[in-house]
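Each residue of the sequence shown is one higher than the one before, counting from 648 in this note's numbering. Built from N, CA and C at the ideal position, the CB exists for glycine as well.
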Amino acid sequence: MLVTTLIENTKTDERIGLTAEHGLSLHISLGQETILFDTGASGALSDNAERLGIDLPHVDAAVLSHHHYDHGGGLHRFFSLNHNATVYLKRPPEGACYFKDSPKYERFIGLDSEILKTHRGRFTYVEQTTEILTGVYIFPKIGNTRPKPKGNSRLYIKKGTTWSVDPFEHELAMAVRENDTLSIFTGCAHNGLLNIIDTISATFGRIPIRLVIGGFHLVTIPKSTSTADSENDIRNIAATIDQYLVGMVYTGHCTSDKAYDILKSVLGEKMQRLHTGSVLQI
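Structure, rendered in structure tokens:
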């Protein structure tokens, strides 16, 4: 399996001419089949793909992790290039997605609703665990026995004049089973990274997890116990990942620098950063 990061907030020094933006997009090659996991915030994934030798027009399937612009903003550009791939996702929330951290500041962070209408024939809404390609599984129902990221407390659904904290029922995760090992893909893990790992592991049993990759939404600023994860919270997450005997962990996007440093202090060389242009042979 080859995983190429088409979009992430930062870029590798080695890759000249790539565009980084606040978002995430991963291209996964599984021999004869390829998957696009999220599309970043704009059409930049297309330019980056061309520079990296990635053939977007012939991607076999695409997956949208959740209904935020920084994961689905590149869909327009993707559809202009690829005319066949089905996009798998959950149904949109009943309301609009917003970031709101005070009565005076709110910002729309959802998808352009027109794309769901204009290209309705390209979308398949997933309600149950589904194998979309050989060995590639979508998990639309994630358990909630462990805490979710505290940064979710500033992410809302606005329906009319009513605001409610987003429960992230529109989020899914993906797993690839290959050679009796699992690779787990997350967009932002708003439902909690450990809940995602628990859910997928419960489905497959104790199959070794060789890779966990994506954003984890671990926020350490502002330093509020209600809106940010503490160092102890993050250390506990890392220790639990280690108990699962995960091979490698790659993160970026919505995982803060401080959170990454804490994770790495526990996981050591198992923990690595993602960058636009990263190419991983798994």
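For the options Q928, F770, L699 and D694, the alpha carbon positioned closest to that of S712 is the one of F770. The Cβ neighbour count for T809, taken over all protein chains shown within 10 Å, is under 16; the residue is labelled exposed. Assignment of T898 by DSSP, reduced to helix, strand and coil, places it in the strand class. In the three-state reduction of the DSSP assignment, K764 falls in the helix class. Beta-carbon to beta-carbon, G742 and K806 are separated by about 3 Å, close enough to satisfy the 8 Å threshold. In terms of Cβ geometry, F815 and L840 do not form a close pair [threshold 7 Å]. Contact check for Y897 against I860 passes: the beta carbons are separated by less than 7 Å. The region 748-755 and the region 777-792 do not touch, with fewer than 3 CB-CB distances between them shorter than 8 Å. Taking the Cα of V866 as reference, the smallest distance to any Cα among D827, Q928 and S800 is reached at S800. With respect to E655, H922 sits close: the two C-beta atoms are nearer than 7 Å. Rounded to the nearest angstrom, the gap between the Cα atoms of A822 and K788 is 13 Å.
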